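Note that the protein sequences, when read in sequence, are chains V and F. Numbered as in our numbering, the first sequence ends at 673 without a single skipped number. Numbered as in our numbering, the second sequence ends at 304 without a single skipped number. Glycine is no exception: its CB is placed at the ideal position from the N, C-alpha and C atoms. Keep in mind that this is a model prediction, so the values were computed, not measured.
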Amino acid sequence: MPTPLIETRALSKRFGTRAALDGVSFELHAGEILGLVGANGSGKTTLLRVLAGLLRPSAGHVRVLGHEPWLARERVMERVRFAFAPPALFDNLTAREHLVHLARLGGHAPLRSELDAVLETVGLAQRAEERVRAFSFGMRQRLSLALALVPRPELLVLDEPTEGLDPLAVLELRALLLRLRREQGVTILLSSHLLSEVGELVDRLVVLAEGCVRFAGTPAELVAPSVRTVLVVADAARARAQLATHGLEARAGAGNELELAADALTLEEAARLLGPGELREFHRRGAGLEQALLARLSAERDA
Amino acid sequence: MSARLESLRLLRSRRPLAAAGALLLFLLLMLLGFWTYAESRTNGAAEFRYTYENRSYFNGLVFALYAFYFAFVLLLPVFAATEGGAQLAGDTGANTLTLVLVRPLSKTRLFFTKFGIAALFTTLLTGAFLALTLLVGLVLVGWGELRLYPGVLQMADRPQHLAQAEALRRFALAWPAASLALLAPLAFSFWISSLAKSAVNAVGTAVALYLVLYVIAEVHFFAELRPYLFTSHAGYWRELFQERIDWREFGRHAAALGGFTLVFTALAYRRFRLREEGG
């Protein structure tokens with residue numbers, strides 16, 4: 371098993387008596403896109419700041435590219451780019467000056483063509499020579515992303531990257547991140563308080579609530595408990611009785627629908643058990659990501 | 026490379042312009058003060074050039090020395106404290122410190138780059154103002170020899186007389202000496218800046234504390250405390266305008282100021298290196 375790019379075990383961070391992170395464990399492997407999701411105040415930004423070596427962990431283990439970030443921040447930053455929210459920039463510098471001078475801090479002297487390409491990618495080519503004082507929040511967000519791309523990192527960590535972006539820009543950002551992973555093998559960790567914004571993009575999710583990991587897995591795994599097999603049949607009562615003879619318990623749904631557990635039977639089995647002409651439609655139906663998460667958190671609370 | 030970024034940021038900020046504007050305004054006020062004073066002493070007979078109450082005494086060199094003396098007491102240290110206070114705390118408050126720290130740049134290098142740029146700014150501002158006072162003195166007041174008398178600004182215990190060339194040489198020496206004296210309030214404000222989370226708090230606190238320490242250093246009641254205050258040593262550069270410079274005393278004050286600067290810088294550096302960013 372290759373060494374993960376990010377690894378935390380039982381990571382905790384306290385501010386006085388308040389635990390901002392409490393026993394957080396997760397891994398991020400090369401080539402993955404991982405979504406870090408949680409409500410405001412759940413500990414996402416604290417976790418990212420610990421990963422960036424800006425905050426010292428109170429307890430637990432954390433490694434980024436094999437280094438302890440608090441002790442080896444510079445080594446980590448040679449290969450990782452962080453873009454924190456809200457995007458902080460130098461108001462009196464232009465977009466291009468930001469790219470040039472911040473890249474030089476790492477000893478990288480970017481070519482003009484490289485900068486032009488990045489500015490074009492984030493849609494700031496026409497505003498490159500303007501001081502950022504006049505930039506809107508969305509433009510600052512775009513420049514912040516551009517800064518994270520020069521020089522090209524091995525691991526990209528984005529804090530709330532879609533905040534302030536219009537819907538089209540959000541779609542463009544998703545496409546860009548997927549392209550970065552596909553074409554350049556960039557591993558990506560992105561945080562958001564909106565599950566719906568990252569659900570379609572990520573391979574895996576880590577959900578934080580009150581500083582604890584409440585879920586870690588794929589979006590499909592999150593939704594799985596809510597998935598049901600839905601059969602639309604000619605006669606619901608007859609079909610239900612027929613299934614019962616085979617030990618399958620179906621619940622009556624709307625109209626002529628019957629609901630069964632997700633893995634209760636396949637399409638072929640349903641058609642065979644119900645007989646000719648009975649089965650009209652066969653679906654797998656699950657809750658949305660957010661509903662599934664809410665159901666999961668609610669069930670945990672009740673338990 | 027961080028020096029280029031920090032220099033560009035300083036040049037693009039309003040601080041140099043604000044400092045230059047305030048010093049220029051102060052110089053105009055000094056000119057006006059000199060002229061109106063001379064007018065009152067000569068019963069309205071003074072003209073703007075060469076006609077102060079005593080031409081051999083009130084000349085461009087005296088004007089330059091007085092202007093620099095007054096600016097040094099308050100304006101220049103306040104600018105130094107403002108610059109120092111704005112550095113770390115300003116970047117913390119604006120979150121731009123994070124922008125830099127997520128690059129492969131050590132905190133040590135960042136700290137000393139910032140301190141170096143602020144020290145260079147203070148030194149250049151001091152030199153530029155000194156040169157300007159001399160230029161204004163030459164053009165608008167007129168040249169002569171430098172004569173100082175006891176009682177005036179406590180600059181001399183007995184009458185002092187420096188020929189023009191020698192006086193100019195002393196002004197040249199006063200630049201690095203005064204700049205060294207300003208490093209102490211600069212380092213002090215850096216320390217405050219490393220403790221604060223916003224530029225306003227840091228600058229306000231640093232300036233207020235500087236003023237308190239300056240007043241304490243001047244008040245007779247606190248005479249016993251003077252050796253332990255950096256503000257007590259700051260005016261040591263005035264020794265350069267004595268006919269015979271007491272280099273031993275001069276060196277003692279310079280060493281004390283250097284010591285204060287080192288201690289404040291070390292405190293600021295330690296705090297900055299160990300502190301967490303955010304949270």
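Give the range of the alpha helix (DSSP H) segment to which residue i is assigned.
{"i": "residue 414/V", "result": "414 to 421"}
{"i": "residue 132/F", "result": "132 to 161"}
{"i": "residue 452/V", "result": "No alpha helix (DSSP H) contains residue 452/V, which is instead part of the beta strand (DSSP E) from 450 to 453."}
{"i": "residue 393/V", "result": "No alpha helix (DSSP H) holds residue 393/V; the beta strand (DSSP E) holding it covers 388 to 398."}
{"i": "residue 471/V", "result": "465 to 475"}
{"i": "residue 487/V", "result": "482 to 491"}
{"i": "residue 512/V", "result": "507 to 518"}
{"i": "residue 29/F", "result": "27 to 37"}
{"i": "residue 126/F", "result": "121 to 126"}
{"i": "residue 83/F", "result": "Element bounds for residue 83/F: n/a, residue is neither H nor E."}
{"i": "residue 522/V", "result": "First-last for residue 522/V: undefined, no H or E at that position."}
From residue i to residue j, what distance separates their C-alpha atoms?
{"i": "residue 214/F", "j": "residue 453/V", "result": "30 Å"}
{"i": "residue 586/V", "j": "residue 574/V", "result": "7 Å"}
{"i": "residue 409/V", "j": "residue 144/F", "result": "44 Å"}
{"i": "residue 151/F", "j": "residue 449/V", "result": "43 Å"}
{"i": "residue 672/V", "j": "residue 226/F", "result": "47 Å"}
{"i": "residue 564/V", "j": "residue 407/V", "result": "7 Å"}
{"i": "residue 76/F", "j": "residue 55/F", "result": "Confidence in residue 76/F is poor, its pLDDT being 44 and thus under 50, which makes the residue's placement unreliable; the coordinate value appears in the next sentence. Taking the straight line joining both Cα atoms gives about 16 Å."}
{"i": "residue 38/F", "j": "residue 47/F", "result": "15 Å"}
{"i": "residue 378/V", "j": "residue 398/V", "result": "9 Å"}
{"i": "residue 655/V", "j": "residue 618/V", "result": "18 Å"}
{"i": "residue 285/F", "j": "residue 188/F", "result": "34 Å"}
{"i": "residue 155/F", "j": "residue 191/F", "result": "16 Å"}
{"i": "residue 50/F", "j": "residue 158/F", "result": "12 Å"}
{"i": "residue 78/F", "j": "residue 141/F", "result": "For residue 78/F, the predicted structure reports a pLDDT of 48, less than 50, and the residue's modelled location is therefore unreliable. The matter cannot be settled from this model."}
{"i": "residue 414/V", "j": "residue 210/F", "result": "40 Å"}
{"i": "residue 555/V", "j": "residue 542/V", "result": "18 Å"}
{"i": "residue 505/V", "j": "residue 536/V", "result": "15 Å"}
{"i": "residue 640/V", "j": "residue 649/V", "result": "7 Å"}
{"i": "residue 241/F", "j": "residue 235/F", "result": "10 Å"}
{"i": "residue 198/F", "j": "residue 184/F", "result": "21 Å"}
{"i": "residue 254/F", "j": "residue 123/F", "result": "35 Å"}
{"i": "residue 117/F", "j": "residue 433/V", "result": "26 Å"}
{"i": "residue 643/V", "j": "residue 629/V", "result": "15 Å"}
{"i": "residue 584/V", "j": "residue 529/V", "result": "19 Å"}
{"i": "residue 490/V", "j": "residue 516/V", "result": "9 Å"}
Please report the residue range of the beta strand (DSSP E) in which residue i lies.
{"i": "residue 185/F", "result": "185 to 187"}
{"i": "residue 278/F", "result": "Here residue 278/F belongs to no beta strand (DSSP E); instead the alpha helix (DSSP H) covers 272 to 299."}
{"i": "residue 671/V", "result": "Not the beta strand (DSSP E): residue 671/V falls in the alpha helix (DSSP H), residues 659 to 672."}
{"i": "residue 258/F", "result": "No beta strand (DSSP E) holds residue 258/F; the alpha helix (DSSP H) holding it covers 255 to 258."}
{"i": "residue 97/F", "result": "Neither: residue 97/F is in no beta strand (DSSP E) and is coded neither H nor E."}
{"i": "residue 438/V", "result": "Neither: residue 438/V is in no beta strand (DSSP E) and is coded neither H nor E."}
{"i": "residue 103/F", "result": "Segment 101 to 118 is the alpha helix (DSSP H) holding residue 103/F; no beta strand (DSSP E) there."}
{"i": "residue 364/V", "result": "Here chain V comprises residues numbered 371 to 673, so residue 364/V is not present and cannot be evaluated."}
{"i": "residue 407/V", "result": "403 to 408"}
{"i": "residue 525/V", "result": "525 to 529"}
Among the options, which residue has its Cα nearest to the Cα of residue i?
{"i": "residue 207/F", "options": "218/F, 104/F, 236/F, 51/F", "result": "104/F"}
{"i": "residue 127/F", "options": "373/V, 557/V, 519/V, 650/V", "result": "519/V"}
{"i": "residue 44/F", "options": "90/F, 89/F, 284/F, 97/F", "result": "97/F"}
{"i": "residue 35/F", "options": "273/F, 246/F, 139/F", "result": "139/F"}
{"i": "residue 428/V", "options": "404/V, 389/V, 450/V, 658/V", "result": "389/V"}
{"i": "residue 662/V", "options": "510/V, 492/V, 595/V", "result": "595/V"}
{"i": "residue 590/V", "options": "626/V, 506/V, 528/V, 658/V", "result": "658/V"}
{"i": "residue 167/F", "options": "133/F, 86/F, 174/F, 62/F", "result": "86/F"}
{"i": "residue 608/V", "options": "553/V, 647/V, 510/V, 503/V", "result": "647/V"}
{"i": "residue 375/V", "options": "615/V, 599/V, 438/V", "result": "438/V"}
{"i": "residue 577/V", "options": "387/V, 411/V, 442/V", "result": "411/V"}
{"i": "residue 299/F", "options": "610/V, 420/V, 426/V", "result": "426/V"}
{"i": "residue 557/V", "options": "566/V, 523/V, 544/V", "result": "523/V"}
{"i": "residue 270/F", "options": "194/F, 148/F, 62/F", "result": "194/F"}
{"i": "residue 381/V", "options": "420/V, 553/V, 593/V", "result": "420/V"}
Complete runs of the beta strand (DSSP E) confined to the segment 555 to 638 of chain V [at least 3 residues]: 557 to 562, 574 to 579, 582 to 587, 598 to 603, 627 to 631
Listed from N- to C-terminal order along the chain, which residues in the segment 117 to 129 of chain F have their beta-carbon within a distance smaller than 8 Å of any beta-carbon of chain V? 119, 120, 121, 123, 124, 125, 126, 127, 128, 129
Of the residues that make up the segment 270 to 293 of chain F, which ones have a beta carbon closer than 7 Å to any beta carbon in chain V? none
Residues, ordered as in the chain, of the segment 419 to 439 of chain V that lie near chain F by beta-carbon distance below 7 Å: 419, 422, 424, 425, 426
Quick one, which residues of the segment 465 to 487 of chain V are near chain F if we go by CB-CB under 8 Å, in chain order? 467, 471, 472, 474, 475, 476, 477
Interfacial residues, the segment 151 to 177 of chain F to chain V, with Cβ spacing under 8 Å: none
Taking beta-carbon pairs under 8 Å, can you tell me which members of the segment 546 to 565 of chain V lie near chain F? none
Interfacial residues, the segment 36 to 67 of chain F to chain V, with Cβ spacing under 7 Å: 37, 38
Where are the alpha helix (DSSP H) runs, 4 residues long or more, that stay fully inside the segment 206 to 272 of chain F, in chain order? 224 to 243, 255 to 258
With 9 Å as the C-beta to C-beta threshold (strictly closer), list the residues of the segment 451 to 464 of chain V near chain F in chain order. 451, 452, 453, 454, 456, 457, 458, 459, 460, 461, 462, 463
Select from the segment 495 to 520 of chain V all residues with a C-beta closer than 9 Å to any C-beta belonging to chain F, and list them in chain order. 501, 514, 517, 518
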